[in-house]
Amino acid sequence: MPNSNVDYDVAIVGGGVSGIYSGWRLLANVYDSPLLRQWAGPNGKLRVAVFEGSDRIGGRLLSARPPGFPDTVCEIGGMRYTSAQTLVRSLVENELKLPHYQQVVDQDQNIVYLRGEQLRFSETQDANRLPYNLDWVERQQLLPGSKADPDQLLGWAIGQVLPGVNTAKSTEELEKYLQTVTVDGTPLYHHGFWSLLARALSNEAYELARAMVGYDILGSNANAVDLIPEVAGFAPSVDYYLLNGGYDTVPWTLQQQFQQLGGEVIQDTWLAGFDKAALDGGDTGVTLQFRGGRAPVTARAIILAMPRRSLEMLKPQGPVLDPAQAPSVQNLLQSVQPVALYKLFLAYAYPWWQNVGVTQGRSLTDMPLRQCYYWPTNTGAGPAPNNNALIMTYNDQLNVDFWAGLTAPGGGVTPRMFARRQMDDSAPANDFEKRLLQNWKDHPAPHEMVAEMHRQLVRMHGVQYAPAPVDAAFMDWSADPYGGGVHFWNRGYKSWEVLQQMTQPVSDFPCYICGEAYSTVQTWAEGALQTAEIVLQKHLGLPAPGWIIRSSAGAA
185 MPNSNVDYDV AIVGGGVSGI YSGWRLLANV YDSPLLRQWA GPNGKLRVAV FEGSDRIGGR
245 LLSARPPGFP DTVCEIGGMR YTSAQTLVRS LVENELKLPH YQQVVDQDQN IVYLRGEQLR
305 FSETQDANRL PYNLDWVERQ QLLPGSKADP DQLLGWAIGQ VLPGVNTAKS TEELEKYLQT
365 VTVDGTPLYH HGFWSLLARA LSNEAYELAR AMVGYDILGS NANAVDLIPE VAGFAPSVDY
425 YLLNGGYDTV PWTLQQQFQQ LGGEVIQDTW LAGFDKAALD GGDTGVTLQF RGGRAPVTAR
485 AIILAMPRRS LEMLKPQGPV LDPAQAPSVQ NLLQSVQPVA LYKLFLAYAY PWWQNVGVTQ
545 GRSLTDMPLR QCYYWPTNTG AGPAPNNNAL IMTYNDQLNV DFWAGLTAPG GGVTPRMFAR
605 RQMDDSAPAN DFEKRLLQNW KDHPAPHEMV AEMHRQLVRM HGVQYAPAPV DAAFMDWSAD
665 PYGGGVHFWN RGYKSWEVLQ QMTQPVSDFP CYICGEAYST VQTWAEGALQ TAEIVLQKHL
725 GLPAPGWIIR SSAGAA
């Protein structure tokens, strides 16, 4: 029955995709849960609010539109989903029916610039062309006519150390195998991925594989049980998809539907801490305290849709975060490690890289820029009508610190870099369009950073001249309150068990945690929805969504 001394039935903290998704599912499916029906009472109205510290919903999804690109959306945060991801794919394609298109990635003519030498992707399949001192066995994997590319050396090495990986027919089979296997008598979850690779790869081959896969984190020494499926997720059989309107259309659409169902979205409101509250009838609820003098609120339950760093910034009080009351929770919180991610978009007056024969997909280098994508400027359909062009650069881990060193105090751009900006004076068509333009404006890139990135792009492409950028925007996701763009499980933790424990860290207290950080599909929005569904189904009584479509893609 409705409780007279509670403000909300469920208070959700964090307006990222897992938070707004949880709120939407609760209100859209309230009648499917006996517990929620009881909370809603005879009027059938469940009181749900999403509290977000910033002025936008979306979290680490951050779509933006540069001035002068009326049909283009840039992804400064998460940018895509894959054909192998059940929840996100089903939500986008089957339930929300959002327009999307397949992303072009590696093309034969695109550039690989390693150790000062420029190759094309097609040339990297010949070990004799690579500037690395590979062992004889490693070279055999890359000779003309072989099935492997350099970025697949990681998968080959895993198969040498763990032959059972090659027999896994699906992602589920692969995960179950990895959870039970031992290496030298030690469970695999105690092993670091890099340490295992060293058993099969020379250091030269390791450096080549990490450079060619494009993500330093895929060669890191995180928990091998979880990193191996992550590497398998980049198999050639997997397709990638971008959304025509930007990835932000997912949380934006969920927000609109959530509010239409009676949910509240309360922005610019930072949670300071939470504690136990006594409700009518002797039930235990939650009191939420906020920064800035906002009055506390009470709720039957709280969902913390927050990454590790955001959780650590809360007051260490109450039955969950007070180390004296719940010492085991602190160990659970530290089971994952935030990973720094960085994105920078550079806008140009024309696509100068086409002069060296590259038009779409990505190019790679071992320089700090690491990856660049020739960004589609007309929702995937072709060049922008005004010939404006964009490059997205993307790097992680140690390379992020390189670019942090070029962040001017206070950030911002200088007029001399962007004197030739081509402004789009047309008024935004709706609130979402305004949000896209504002997101770009809110993330200006410093002049020094832009100049250095441009210099590296020119060297990588081997051109004598390229026009200066006309605009730029960037995001370093290691900044608070995120602490990192994604997360990886630390060695020594059984992620598949901690995952379940973290969704309700204290069994007799109605606090639930979801998000990408403590999932087993880390680095993807799929992981955020995975843990949200555990909270919704296991703890709040909802059945699985009826709109799920099964993926036909399996493990590599």
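If you're matching positions, the sequence shown starts at 185 in our numbering and goes up one per residue. Even glycine gets a Cβ: it sits at the ideal position worked out from N, Cα and C.
Cβ-based burial, residue i [other Cβ within 10 Å; buried from 16]
i      : result
LEU582 : exposed
LEU724 : buried
ALA728 : exposed
VAL682 : buried
ARG231 : buried
VAL597 : Summary for VAL597: the model assigns pLDDT 48, below 50, so the residue's position carries little reliability, and this model does not support an answer.
TYR666 : buried
LEU726 : buried
GLN336 : buried
ILE295 : buried
MET601 : Low per-residue confidence applies at MET601: pLDDT is 46, beneath 50, and the placement is therefore not dependable enough to give any value.
GLY595 : A caution first: GLY595 carries a pLDDT of 49, below 50, which makes its placement in the model unreliable, though a value can still be read off. Classification for GLY595: exposed.
THR482 : buried
ALA393 : buried
THR543 : exposed
VAL647 : exposed
ARG240 : buried
LYS722 : exposed
GLY466 : exposed
SER354 : exposed
Residues bridged to residue i (per DSSP)
i      : result
ALA483 : TYR192, VAL470
TRP673 : VAL520
ASP585 : Bridge partners of ASP585: none, in fact.
THR266 : TYR424
THR577 : LEU528, CYS556
THR549 : TYR297
LYS460 : VAL470
ILE697 : LEU488
ARG304 : ILE295
GLN656 : According to the sequence shown, residue 656 is Ala rather than Gln. The partner list for ALA656 (beta bridge, DSSP) reads LEU530.
GLY200 : GLY242
GLU448 : ALA233
ASP290 : ARG546
LEU455 : PHE474
THR628 : Per the sequence shown, the amino acid found at residue 628 is Pro instead of Thr. Looking at the DSSP assignment, PRO628 forms a beta bridge with ALA657.
Residue i vs residue j beta-carbon contact at 8 angstroms
i      : j      : result
ALA712 : VAL201 : yes
ILE487 : TYR192 : no
GLN685 : LEU516 : yes
MET659 : HIS638 : no
HIS375 : VAL523 : no
GLY545 : GLN291 : yes
VAL257 : GLY430 : yes
GLU236 : SER247 : no
ALA650 : ALA629 : no
VAL520 : PRO689 : no
SER386 : ASP319 : yes
LEU403 : TYR390 : The sequence given here has Gly at residue 403, not Leu. Cβ atoms of GLY403 and TYR390: closer than 8 angstroms.
THR471 : ALA456 : no
ASN278 : TRP624 : no
PRO283 : GLU301 : no
LEU326 : ALA341 : no
LEU548 : GLY669 : no
ASP459 : ARG299 : no
TYR557 : TRP537 : no
LYS678 : TYR373 : yes
Anticipated Cβ contact below 8 angstroms, residue i with residue j, distance rounded
i      : j      : result
LEU574 : GLU632 : LEU574 to GLU632, Cβ: 20 angstroms. No contact.
LEU411 : ARG264 : Wrong, their Cβ atoms sit about 20 angstroms apart, outside the cutoff.
PRO250 : ALA652 : With a Cβ gap of about 15 angstroms, PRO250 and ALA652 do not count as contacting.
ARG484 : VAL719 : The Cβ separation is near 14 angstroms, so there is no contact.
GLN363 : TRP680 : 6 angstroms
MET644 : TYR297 : 4 angstroms
LEU380 : VAL365 : Actually they do not touch by this definition, with Cβ atoms about 11 angstroms apart.
CYS698 : ALA716 : 4 angstroms
TYR361 : GLY348 : 5 angstroms
ALA533 : ASN572 : 7 angstroms
TYR424 : THR266 : 6 angstroms
CB contact check: residue i to chain D, cutoff 8 angstroms
i      : result
VAL523 : Among the chains of the structure shown, chain D does not appear; only one protein chain is present.
task = Enumerate, from N- to C-terminal direction, the unbroken beta strand (DSSP E) stretches of 3 or more residues contained entirely within the segment 330 to 375.
result = none
message = If we require 4 or more residues per run, which alpha helix (DSSP H) segments fall completely within the segment 223 to 286?
response = 270 to 273
query = Enumerated in chain order, which unbroken segments of the beta strand (DSSP E) with a length of 3 residues or greater are wholly contained in the segment 377 to 421?
reply = Within the segment 377 to 421, no complete beta strand (DSSP E) run reaches 3 residues.
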